[in-house]
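>
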Amino acid sequence: MTIKHDLPSLKQRLLPQLAELGSSAHLSGVWPLQSYSLGAMNFMIPGEVTYDLQLSNTGGGVLLSGTVSAQVQTECARCLEPALFDVEGEVEGYYLINPSHEELDLADDEFVIVDDSGEVDLAPALLAAIIFETPQVVLCDEDCRGLCPICGANLNEQQCGCQQDVLPDSPFSVLKDLRDLKNLKDSDIS
Ligand SMILES: [Zn+2]
Ligand SMILES: [Zn+2]
Numbered sequence: 000m001t002i003k004h005d006l007p008s009l010k011q012r013l014l015p016q017l018a019e020l021g022s023s024a025h026l027s028g029v030w031p032l033q034s035y036s037l038g039a040m041n042f043m044i045p046g047e048v049t050y051d052l053q054l055s056n057t058g059g060g061v062l063l064s065g066t067v068s069a070q071v072q073t074e075c076a077r078c079l080e081p082a083l084f085d086v087e088g089e090v091e092g093y094y095l096i097n098p099s100h101e102e103l104d105l106a107d108d109e110f111v112i113v114d115d116s117g118e119v120d121l122a123p124a125l126l127a128a129i130i131f132e133t134p135q136v137v138l139c140d141e142d143c144r145g146l147c148p149i150c151g152a153n154l155n156e157q158q159c160g161c162q163q164d165v166l167p168d169s170p171f172s173v174l175k176d177l178r179d180l181k182n183l184k185d186s187d188i189s
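Just so you know, numbering that gives the first Met the number 0 puts 58 at position 59 of the sequence shown, and the rest follows in order with no gaps.
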């Protein structure tokens, strides 16, 4: 899974405002993300990515929670026309303040250390929440008929002549094919 790294940042100052246990802050706004990719799939954001987040000092660090919402556009997996879906992701993050050596050893993708600037970038946590809610297969419609495998016509828009040869006449023709295959195998053996 490859994630595009030229993300718009969403810098947030945690220190000194959230330095004390129990202190918290509420954040909401628009994150100017326009696109992202996952493997070979590209996703566009035609509207806005909005977020509604809570930051709380839980002792030793600041916990990020909340939601991120967007409408996302990609290609339909069957007909390649634009397909839209809505994302409502749960944002999670944890930002360590003055970590001990043991905590430093643990720090990886799950923990981010707040450096001397007192600022962190919330963008990776927002993107992770969007990606987690991105479906692996996106269709323009559940009933999308896709493209004709022979002539490439969009079968949602037209019926091409070649389609009859591709589709089996009835569900039983599949069984017939299996039977033929079995007969073939049997004759191979004998
Ligand atoms: Zn489609
Ligand atoms: Zn066709």
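Using N, Cα and C, we set each Cβ at its ideal position, and we do this for glycine too.
#1: Heavy atom of ligand 1 less than 7 angstroms from the Cβ of P78, yes or no?
#2: Report yes if the C-beta distance between Q53 and H25 is below 8 angstroms; otherwise report no.
#3: Within 10 angstroms of its Cβ, does I149 collect 16 or more other Cβ (buried), or is it exposed?
#4: According to DSSP, T73 sits in a beta bridge with which residue or residues?
#5: Mapping DSSP to helix, strand and coil, what is E156?
#6: Would A82 be called buried (16 or more neighbouring beta carbons within 10 Å of its own) or exposed?
#7: How about C75: is its Cβ closer than 7 angstroms to a heavy atom in ligand 3?
#8: Have a look at C143, L14 and G88 and flag the residue whose alpha-carbon is nearest the alpha-carbon of L125.
#9: Which residue wins for smallest C-alpha separation from A18, given the options E47, N56, E132 and D51?
#10: Once DSSP output is grouped into helix, strand and coil, what is the label at I112?
#11: Taking the continuous beta strand (DSSP E) assigned at L17, which residues delimit it?
#12: Name the two residues that bound the continuous alpha helix (DSSP H) containing A122.
#13: Contact check, Y94 vs V119 under 8 angstroms by CB: the rounded distance?
#14: Have a look at P7, R12, S8 and L6 and flag the residue whose alpha-carbon is nearest the alpha-carbon of D115.
#15: Taking the DSSP output, what are the residues bridged to H25?
#16: In angstroms with no decimal places, state the Cα-to-Cα distance between L6 and Q72.
#17: Quick one: what does DSSP say E47 is sitting in, helix, strand or coil?
#18: Is the beta carbon of C143 within less than 7 angstroms of some heavy atom of ligand 2?
#19: Can A82 be considered in contact with ligand 1, in the sense that its beta carbon sits closer than 7 angstroms to one or more heavy atoms?
Answer, in terms of the structure:
#1: The displayed chain sequence assigns Cys, not Pro, to residue 78. C78: yes, Cβ under 7 angstroms from ligand 1.
#2: yes
#3: exposed
#4: A82
#5: coil
#6: buried
#7: Ligands in the displayed structure: ligand 1 and ligand 2; ligand 3 is not one of them.
#8: G88
#9: N56
#10: strand
#11: Counting along the chain, L17 falls outside any beta strand (DSSP E), and DSSP gives it neither H nor E.
#12: A122 to F131
#13: 5 angstroms
#14: R12
#15: Q53
#16: 18 angstroms
#17: coil
#18: no
#19: yes
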